[in-house]
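*Asks:* Sharing a structure with you now.
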Amino acid sequence: MTHPTLSRTRRALLTCAVLAAGTAFTGLAQAQAVFRVTAIPDEAPTELARKAAPLVKYLESKLGMKVEFTPVTDYAASVEALVNKKVDMAWFGGFTFVQANVRSGGKIVPLVQREEDEKFKSVFITSDPAIHSLADLKGKDVSFGSQSSTSGHLMPRSFLLQQGINPEKDFKRVAFSGAHDATIAAVASGKVQGGALNISVWEKFVADKKVDPTKVRVIYTTPPYFDYNWSVHADMPAATRQKLADALTSLSKATPEGKEILELQRATKFVPTKAENYKGIEAAARSAELL
């Protein structure tokens, strides 16, 4: 015969176990109800956070769940975060997407890109009045952005090589500023005589009067290439993937919300994209021995 006290103890323990399991399940459900977004750190952290805030709010309303912007320390960290599913969506440059796709064995899916990313460009800038062409950069100190940047390193390097200029052999020093705005600062201050960066960041700095184009000049604009995109992991359910794509492509400057988001993203609109669009960047990366 079971002792009544022992029976009550067992019931109490069972009740506690059930409650604990319920609490754990609720906590897990809550943890899964957060959609995490990140972006390559190609600009200052404060600028990335400012650009992300209204987009996060918009995606929350479209997905019906909490959305968080998760900053990363460098380009490689953004790749690892999406490949290992620590985040649900990432804003990649073309080269970062290629790296993530190769790293994951083809499991990274580019969803949408800005209309501008179908024909993106880089610029080379200088503050040296004696420099007027890429050839004039020979023997000078030249800065790229991040080593993993498409528009701040890979494509500028590719176009230099096409013109018979090898940065390591022909430049006095090759520097890496880490971000497009830092490249502008390095050129403007005279730390380097030339720099390569994303054309949209350059145009934004000029428009915002953060740089004087009479003192810092563009000496070369590259031919167009595919660049940035929003990417997700292939394991994301198709329905969620479609909901995301629809939310981003439906953004319009005709609405106050859409106008704010698109202007911060420096986009006229988002359009669908596909992995095949980035084959040219993959080829450039392999040719430059960066992949």
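What the sequence shown shows, in our numbering, is residues 24 to 314, in sequence order.
Where is the CB? At the ideal position from N, CA and C, for every residue including glycine.
Just so you know, these numbers come straight off a predicted model, no measurement behind them.
#1: According to the neighbour-count rule (16 or more other Cβ atoms, all chains shown, within 10 Å of its Cβ), is T291 buried or exposed?
#2: What are the start and end residues of the beta strand (DSSP E) that includes T93?
#3: Closest to K192 by CA distance: which of A202, L271 and R180 is it?
#4: Starting from R196, follow its DSSP beta bridges and name the residues at the other end.
#5: Just verifying my parser: in three-state terms, what is the DSSP assignment at R289?
#6: Using beta-carbon positions only, say whether A104 and T149 come within less than 7 angstroms of one another.
#7: Measure the beta-carbon distance from V294 to Q136 and round it to whole angstroms, keeping in mind my assumption that it falls under 8 angstroms.
#8: With 16 other CB atoms within 10 Å as the buried threshold, where does T69 fall?
#9: Looking only at its chain, what residues have a beta carbon closer than 6 angstroms to the beta carbon of E83, apart from the 5 residues adjacent to it on each side?
#10: If we count Cβ pairs, one from each stretch, closer than 8 angstroms, do we get three or more for the segment 158-166 versus the segment 231-240?
#11: Between V146, S171, F58 and S310, which lies nearest to W225 when the distance is taken from Cα to Cα?
#12: Can at least three beta-carbon pairs, one atom from the segment 108-128 and one from the segment 198-210, be found at a separation below 8 angstroms?
#13: Taking the alpha-carbon positions, what's the A72 to E299 distance?
#14: Taking just the CA atoms, how far does L78 sit from A277?
#15: Where does V215 sit, in a helix, a strand or coil, going by DSSP?
#16: What does DSSP give as the partner residue(s) for A113 in the beta ladder?
#17: So for T173, helix, strand or coil by DSSP?
#18: Quick one: what's got a C-beta closer than 8 angstroms to A56's C-beta in the same chain, skipping five residues either side?
#19: Using the three-state DSSP reduction, which class does Q186 fall into: helix, strand or coil?
#20: Applying the 10 Å Cβ sphere with the 16-neighbour rule, what's the burial state of I304?
#21: Short check: CB of D250 to CB of T173, under 7 angstroms?
#22: With DSSP as the reference, label S273 as helix, strand or coil.
#23: Can you give me the C-alpha to C-alpha distance between R59 and S273, rounded to a whole angstrom?
#24: What do you reckon, are the CB atoms on A307 and K130 nearer than 7 angstroms?
*Replies:* Once the coordinates are examined:
#1: Classification of T291: exposed, given that the 10 Å Cβ count is below 16.
#2: It is not in any beta strand (DSSP E) - T93 carries neither H nor E in the DSSP assignment.
#3: Measuring from the Cα of K192, the nearest candidate turns out to be R180.
#4: D164, per the DSSP bridge assignment.
#5: In this structure, R289 counts as coil in the three-state DSSP scheme.
#6: At least 7 angstroms separates the beta-carbon of A104 from that of T149.
#7: About 6 angstroms separates the beta carbons of V294 and Q136, which is inside the 8 angstroms limit, making them a contact pair.
#8: Result: exposed.
#9: Cβ-Cβ distances below 6 angstroms link E83 to V90 in the same chain, with the five nearest sequence neighbours on each side left out; the list follows chain order.
#10: Touching, no.
#11: It is V146 whose Cα lies nearest to the Cα of W225.
#12: With a cut-off of 8 angstroms, the segment 198-210 and the segment 108-128 do not count as touching, because too few Cβ pairs lie within range.
#13: About 30 angstroms.
#14: Taking the CA atoms as reference points, A277 sits about 16 angstroms from L78.
#15: Here V215 carries a coil assignment [DSSP, helix/strand/coil].
#16: T61 and S254.
#17: The answer is helix: DSSP assigns T173 an H, G or I state.
#18: Only M88 and K89 meet the Cβ criterion.
#19: Q186: coil per DSSP, three-state reduction.
#20: Looking at its Cβ environment, which holds 16 or more other Cβ atoms inside 10 Å, I304 is buried.
#21: Cβ atoms of D250 and T173: closer than 7 angstroms.
#22: In the structure shown, S273 sits in coil (DSSP, three-state: anything other than H, G, I, E or B).
#23: Cα to Cα, R59 sits roughly 21 angstroms from S273.
#24: Not closer than 7 angstroms, so no.
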